[in-house]
Amino acid sequence: DFTLAVHGGAGTILRTKMTPEREAAYHAGLRRALEAGRVVLADGGTAIDAVTAAVMTLEDEPLFNAGRGAVYTSAGLQEMDAAIMDGRDRAAGAIAGICGPRNPILAARAVMEKSDHVFLIGDNALNFCRQNGIAFEDASYFFTDQRWDALQETLAMRRSGGEDHDESRKHG
Amino acid sequence: TVGAVARDRNGHLAAATSTGGMTAKAPGRVGDSPVIGAGTWADDETCAVSGTGHGEIFIRYAAGHEIASRLRYAGQNLQQAVHGVVVDVLAPVGGSGGVIAVDRSGAFSLTFNCSGMYRGVVTGDGVLRTAIYDEPLVDFR
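The listed protein sequences derive, respectively, from chains C and X. With the working numbering, the residue at position 11 of the first sequence is 11, and numbering never jumps. Numbering-wise, the working numbering comes out as the position in the second sequence, counting from 1, plus 1000.
This is how it looks when you write it as structure tokens:
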């Protein structure tokens, strides 16, 4: 039959910071992603469509580090990247160093399906996305209090010379 | 980072990974997520892999491709290959994190070498199974 696995990042938040409500929200977010892909596969759909659907759901979820939960750089901006690969023929697509596409995985898939290339970065990647109808969002869509606060804490820690032992900040 | 791997009913595999990164990373820094063979890999003959963790180490050790190579050339099964890379290779050199993987038979592995990994799996029985820390998967029907 079929199998679908998902992850929302490693280096989870410290147990001491986890609340029952927060834990339930993480489980619910993972289940939504699994269900999005399961529906595709149960209906006889392809693995490539299933992973696309699952990752889009995770990208839409601010809890996880992806499009809407993207971490900030030290300059206070967000940069997104994504890749997708089809095991049938090793077709692959990837993008990096961009901010704007609502779902970065769709940008990567467009590179795979609509270009002769594997990896596009920067401004030309953005232009390629616009030319291929990828949905964009304003910077405000990607702002989350959680990620912004994490940036401020990390920068303050660096200024004070402290070391950050919180894996969730190191891995997003 | 977020990611997904799948095997469909026709036995085809795929992997997708999106937007990794550590908070306050250097502008322009790219981790393993978009690097084919590091954070993302899929090949019907072996397996599909999506990684999450210390990207520089995952890139240097070509984590996804290394797992596939162990299936292809070393005769290891998926769990042996994933454990060998995530726990035996990446962890000792500071490559904390984990991977999700599925092979051509539909076997899967959700393996990490740090405090936890937000993870889940569903197979043909339709039961959604999720976990966060080092604990058994929780079933949800």
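Even glycine gets a Cβ: it sits at the ideal position worked out from N, Cα and C.
When the beta-carbon positions are compared, V1099 of chain X and S1050 of chain X come within less than 8 Å of each other.
For V1087 of chain X, the secondary structure class from DSSP, reduced to helix, strand or coil, is helix. Close partners of L34 of chain C in chain X (Cβ separation under 7 Å): G1120, V1122 and L1128. At a beta-carbon threshold of 8 Å, the residues of chain X lying near T46 of chain C are D1008, N1010, H1012 and A1014, ordered along the chain. Taking C-beta atoms as the reference points, A33 of chain C and T1017 of chain X fail to come closer than 8 Å. If you look at V1005 of chain X, you'll find it isn't in any alpha helix (DSSP H); it sits in the beta strand (DSSP E) that goes V1002 to R1007. DSSP places H1065 of chain X in the helix class (H, G or I) of the three-state scheme. The segment 37 to 123 of chain C is shown to contain whole beta strand (DSSP E) runs of 3 or more residues at 80 to 86, 91 to 98 and 119 to 121, in chain order. Residues of the segment 9 to 25 of chain C with a Cβ closer than 9 Å to any Cβ of chain X, in chain order: G9, A10, G11, T12, I13, L14, R15, M18 and E23.
By the rule that beta-carbons nearer than 8 Å mark a contact, F2 of chain C touches chain X.
Your pair T12 of chain C and G1116 of chain X checks out as a contact, with CB atoms roughly 4 Å apart and the cut at 8 Å. For L1071 of chain X, the nearest beta carbon of chain C is not closer than 8 Å to its own beta carbon.
In terms of CA proximity to S1096 of chain X, X:V1086 leads the group X:V1086, X:T1023 and X:R1029. With 16 or more other CB atoms across the displayed protein chains lying within 10 angstroms of its CB, S1033 of chain X is buried.
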